[in-house]
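**Student:** In my numbering, the protein residues as written are 1330 to 1645. Glycine is no exception: its CB is placed at the ideal position from the N, C-alpha and C atoms. Next up is a structure, given as structure tokens.
This is how it looks when you write it as structure tokens:
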């Protein structure tokens, strides 16, 4: 599909005709071929908090891989502020970097609490005019592309590309040339095994299983190291084990798919490949996500935040 038509198709999506995740991946890759990403970097010596919820947290693990940082989420940030108060007071820790696609929800109180503790705050977000952006000392705005609520592929990919500078055209070309085995459609359950370097994306795949399948769980994901720890006691011919690299140990013979990765594959590529395949799984499973997302955005999602306003089913 011509990339301009692909972009237009997704931009004009209707609630009744939401794209599957693989379609959103391809459209977002087209988008980032035409839109500049915001490049960013931080001194490796600076000790700081990196705060995010769920996949924003995992994105932080990629953006700050190999750095001296303290990772935190909405469940432990207040506790960590207390634990590290002596280092904050002595100016050994001076900043909290909050990652939030929307710049709303938990990021608001996280920024407030960080400032109250005496920390400088930086928000990495796609929400230039968000509540969090109005509070933070510094704001780094990343580009995003319209997609269904919770997909958050373009949001985090833009942040990652700002760090890695990967070639999105090459990523899309790889996905389009990827030969999916005929046996793919014969399987009901899928397990991903990724190189240890990409453990954060393993955890993002687990979140996608929660969001797209919930109690109808259809996929598992492990790093190569984790896969060694009794993950395959129970085996089934209904399970296809998808390995990013060579797999000679896990899953039943004849029910494995090894994907040879390009040299120097980085976070943006692995995220794209993972989400694309998750979308292909979504395509051949019942439309659990599409049946549940409207009710979630209107009722069950906003309520725990004390919100009366619904979430947008399509995030633009």
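What does residue 1587 pair with, by DSSP beta-bridge criteria?
**Tutor:** Looking at the DSSP assignment, residue 1587 forms a beta bridge with 1572.
**Student:** Apart from the five residues on each side of it in sequence, which residues of its chain come closer than 7 Å, Cβ to Cβ, to residue 1506?
**Tutor:** Excluding positions up to five away in sequence, the list is empty.
**Student:** So if DSSP puts residue 1467 in a beta bridge, which residue, or which two residues, is it bridged to?
**Tutor:** Residue 1467 is bridged to 1451.
**Student:** If distances are taken between C-alpha atoms only, which option among 1483, 1466, 1365, 1490 comes closest to residue 1473?
**Tutor:** Cα-wise, what sits closest to residue 1473 is 1483.
**Student:** Taking the C-alpha atoms as reference points, what is the distance between residue 1452 and residue 1566?
**Tutor:** Rounded to the nearest angstrom, the two C-alpha atoms are 46 Å apart.
**Student:** In angstroms with no decimal places, state the Cα-to-Cα distance between residue 1596 and residue 1510.
**Tutor:** One C-alpha to the other measures close to 24 Å.
**Student:** What would DSSP say about residue 1626, mapped onto helix, strand or coil?
**Tutor:** Three-state DSSP puts residue 1626 in a helix.
**Student:** Taking 8 Å as the threshold, find out whether the stretch 1619 to 1637 comes into contact with the stretch 1489 to 1509 through three or more Cβ pairs.
**Tutor:** No: the two stretches stay apart, fewer than three of their Cβ pairs being nearer than 8 Å.
**Student:** Ignore the nearest five residues each way along the sequence and tell me which others in residue 1599's own chain have a CB closer than 6 Å to its CB.
**Tutor:** The residues are 1527, 1530.
**Student:** Taking the beta strand (DSSP E) that residue 1424 belongs to, which residues open and close that run?
**Tutor:** From DSSP, the beta strand (DSSP E) with residue 1424 extends over 1424 to 1429.
**Student:** Could you tell me which of 1639, 1556, 1610, 1497 sits nearest to residue 1363, measuring between CA atoms?
**Tutor:** Ranking 1639, 1556, 1610, 1497 by Cα distance to residue 1363 puts 1497 first.
**Student:** Considering Cα atoms alone, identify which of 1579, 1552, 1370 is closest to residue 1469.
**Tutor:** Per the Cα distances, 1370.
**Student:** Pull up the CB-CB distance for residue 1439 and residue 1427, whole angstroms please, since I reckon it's below 8 Å.
**Tutor:** With 8 Å as the limit, residue 1439 and residue 1427 qualify as a contact, their Cβ atoms being about 5 Å apart.
**Student:** What span of residues does the beta strand (DSSP E) with residue 1401 cover, start to end?
**Tutor:** 1398 to 1401 is the span of the beta strand (DSSP E), which, as asked, contains residue 1401.
**Student:** With DSSP as the reference, identify every bridge partner of residue 1557, one or two as the case may be.
**Tutor:** Paired residue(s): none; residue 1557 is not in a bridge.
**Student:** Could you check the C-alpha separation between residue 1514 and residue 1492 for me, to the nearest Å?
**Tutor:** Each residue's alpha carbon lies about 36 Å from the other.
**Student:** Report the residue from 1389, 1385, 1454, 1380 whose alpha carbon sits nearest the alpha carbon of residue 1448.
**Tutor:** Cα-wise, what sits closest to residue 1448 is 1380.
**Student:** Do you know offhand how far residue 1330's Cα is from residue 1499's?
**Tutor:** Residue placement at residue 1330 is flagged as unreliable, the pLDDT there being 47, under the threshold of 50; the coordinate-derived value follows with that caveat. Approximately 16 Å, taken between the alpha carbons.
**Student:** For a quick check, are the C-beta atoms of residue 1574 and residue 1561 less than 9 Å apart?
**Tutor:** It is not a contact, given that the beta carbons lie outside the stated cut-off.
**Student:** Assuming residue 1456 and residue 1487 are in contact, meaning their beta carbons sit under 8 Å apart, how far apart are those beta carbons, in whole angstroms?
**Tutor:** About 12 Å separates the two Cβ atoms, so there is no contact after all.
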